[in-house]
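Below is one structure; the comments refer to it alone.
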């Protein structure tokens, strides 16, 4: 340890500044990081809300799409998709 014979105010001030400067810089960094974390939390919340809205819209669109479809029972699995139109014409002409 250094011995101080006389209290030199300028020396004391310089030493205190040397000790407090890194602390102050760290505090500023912490404050910046807190702000960034808060901004990210808000962004995540916004994205969650957007995702929920989009998911609801997709579900509604799928439901509407299903309502426009209809099922015809009794068509054998052996009917090829390319022959389906002709098969249905023959089937409906018999009705």
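Residue numbers (the UniProt record's numbering): 1 to 95.
Glycine included, every Cβ here is placed at the ideal spot set by N, Cα and C.
Being a predicted model, the structure only gives us computed values, none of them experimental.
In whole angstroms, what separates the C-alpha of residue 45 from that of residue 30? Here residue 45 corresponds to residue number 45 of the chain shown, with the count starting at 1. Here residue 30 corresponds to residue number 30 of the chain shown, with the count starting at 1. One C-alpha to the other measures close to 22 Å.
At 3 residues or longer, what runs of the beta strand (DSSP E) sit wholly inside the segment 8 to 66? none
Which of helix, strand or coil DSSP assigns to residue 90: Within the chain shown, residue 90 is the residue found at index 90, counting from 1. In the structure shown, residue 90 sits in a helix (DSSP, three-state: H, G or I).
If we ignore side chains and look at the alpha-carbon of each, how far apart do residue 152 and residue 35 end up? Outside the modelled stretch of the chain, which goes from 1 to 95, sits residue 152, for which no answer is possible.
What's the C-alpha gap between residue 55 and residue 74? Counting from 1 along the chain shown, the entry for residue 55 is found at position 55. Counting from 1 along the chain shown, the entry for residue 74 is found at position 74. If you take the alpha carbons of residue 55 and residue 74, they lie about 35 Å apart.
Take residue 105 and list the residues in its own chain whose beta-carbon comes closer than 6 Å to its own, dropping the five residues that flank it on each side. Residue 105 lies beyond the range of the chain shown here (1 to 95); nothing can be said about it.
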